[in-house]
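Numbering (this note's numbering), first residue to last: 4 to 135. Data first, discussion second: the structure below is written as structure tokens.
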């Protein structure tokens with residue numbers, strides 16, 4: 004039983020417990036988690052609207068920061084954007100980033116095979132094709 008003189012101590016402990024509960028609870032945002040397809044659409048739209056190199060590189064950093072490999076549509080859009088802003092080096096780096104993100108070499112080869120027509124159209128070579 005709590006005695007009247009102990010009530011202040013009880014109040015301090017309950018406040019401390021409430022404080023710890025609030026501080027250790029994760030604060031999640033109110034929006035739902037984004038699906039893979041929604042993320043892909045968002046980045047395709049983003050890269051389609053890129054107008055300068057800084058914006059392109061910021062978008063690439065964000066796209067490759069996810070714990071997944073970007074879909075082919077996103078890579079295509081990023082490559083087109085890099086050529087649109089006239090930065091060949093960034094186009095080559097898109098392939099470098101892709102090589103780092105895939106799980107194995109065969110998956111990378113699949114991406115290269117699917118992107119081959121676009122690579123030819125844009126005149127982009129991979130680092131390996133340039134001899135580095």
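For every residue, glycine included, the Cβ atom is placed at its ideal position computed from N, Cα and C. Bear in mind the structure is a predicted one, so any value in this text is a computation, not a measurement.
On the criterion of 16 or more Cβ atoms from any shown chain inside 10 Å, does residue i qualify as buried, or is it exposed?
i           : result
residue 93  : buried
residue 71  : exposed
residue 135 : exposed
residue 38  : exposed
residue 79  : buried
residue 91  : exposed
residue 81  : buried
residue 68  : exposed
I'd like the list of long-range same chain contacts for residue i, defined as Cβ closer than 6 Å, with 5 residues on each side in sequence excluded.
i           : result
residue 127 : 94
Less than 8 Å separating the beta-carbons of residue i and residue j?
i           : j           : result
residue 105 : residue 77  : no
residue 63  : residue 97  : yes
residue 74  : residue 119 : no
residue 3   : residue 111 : The structure shown does not extend to residue 3, since the chain is modelled only from 4 to 135, so the question has no answer here.
| request: Evaluate contact between the region 49–63 and the region 78–86, counting only Cβ atoms and requiring at least three cross-stretch pairs below 8 Å. | output: yes
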